[in-house]
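Okay, so here's the structure we're looking at.
Numbering (the working numbering), first residue to last: -7 to 182.
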């Protein structure tokens, strides 16, 4: 994609050397660099392989694309707070950014069964909604409750999941392959 190449081409040796001469230069360079990385992630999330996915993104690609989109949005927010010199907010945003980047890396090195497990783990709250319906929650008699319920049912139908398909995820306490984030981090960091 031309946009990505245009961003990368700015980082020649002369530009990088000039940007590292003083603390002020380094701070300016860092802000620009993070902004450019966010822009690259934005570009990546818009790239479509028409041959592989002629009508959109596959269910296997969607979680990875979703995580990349999350990273792009978090990076954009980090840039805003970097420019405001607000390290406290940046420190809050860094954790979900790191978690998303490690998780996407993990999904990319694993097979489709792990991606399906990740998708199923994301259903924890949707299944809670169905449980609350069965328990007789009056919320589902309201328009908002009916819309929410229809949304959950449509999503499950779209992915071909039934309520009984989540036993393994429940047993694993809704963790990807039953692993803690630290375990996933150790595998991804290799």
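Glycine included, each C-beta is placed from N, C-alpha and C at the ideal position.
**Asked** Any idea what DSSP makes of residue 39, helix, strand or coil?
**Response** As a first step, residue 39 must be located in the chain shown, where it is residue number 47. Looking at residue 39 - three-state DSSP - the assignment turns out to be coil, as it is neither helix nor strand.
**Item:** Residue from 81, 54, 77 and 89 whose Cα sits closest to the Cα of residue 63
**Value:** Taking the chain shown and counting its residues from 1, one reaches residue 63 at position 71. Residue 63 has its Cα closest to that of 89, out of 81, 54, 77 and 89.
**Prompt:** Whose C-alpha, out of 105, 95 and 100, is nearest the C-alpha of residue 173?
**Reply:** On the chain shown, residue 173 is found 181 positions in, with the first residue counted as 1. The residue with the shortest Cα to Cα distance from residue 173 is 95.
**Prompt:** Anyone know if the C-beta pair for residue 37 and residue 61 falls short of 9 Å?
**Reply:** The residue given as residue 37 occupies position 45 in the chain shown. The residue given as residue 61 occupies position 69 in the chain shown. In this structure, residue 61 lies closer than 9 Å to residue 37 by Cβ.
**Item:** Cutoff 6 Å; reference residue 97; Cβ partners in own chain excluding five residues on either side
**Value:** Here residue 97 refers to the residue found at position 105 when the chain shown is read from its first residue. Here the set comprises 180.
**Request:** For the alpha helix (DSSP H) holding residue 136, just list the boundary residues, first then last.
**Result:** For the purposes of this step, residue 136 is identified with residue 144 of the chain shown, where counting begins at 1. Residue 136 -> alpha helix (DSSP H) spans 135 to 151.
**Message:** So, for residue 92: in the same chain, excluding its five sequence neighbours on each side, which residues have a beta-carbon less than 6 Å away from its beta-carbon?
**Reply:** In the chain shown, the residue the question calls residue 92 occupies position 100. Closer than 6 Å at Cβ, skipping near neighbours: 59, 62 and 63.
**Asked** With respect to the alpha helix (DSSP H) encompassing residue 10, which residues constitute its N-terminal and C-terminal limits?
**Response** For the purposes of this step, residue 10 is identified with residue 18 of the chain shown, where counting begins at 1. Start and end: 5 to 10.
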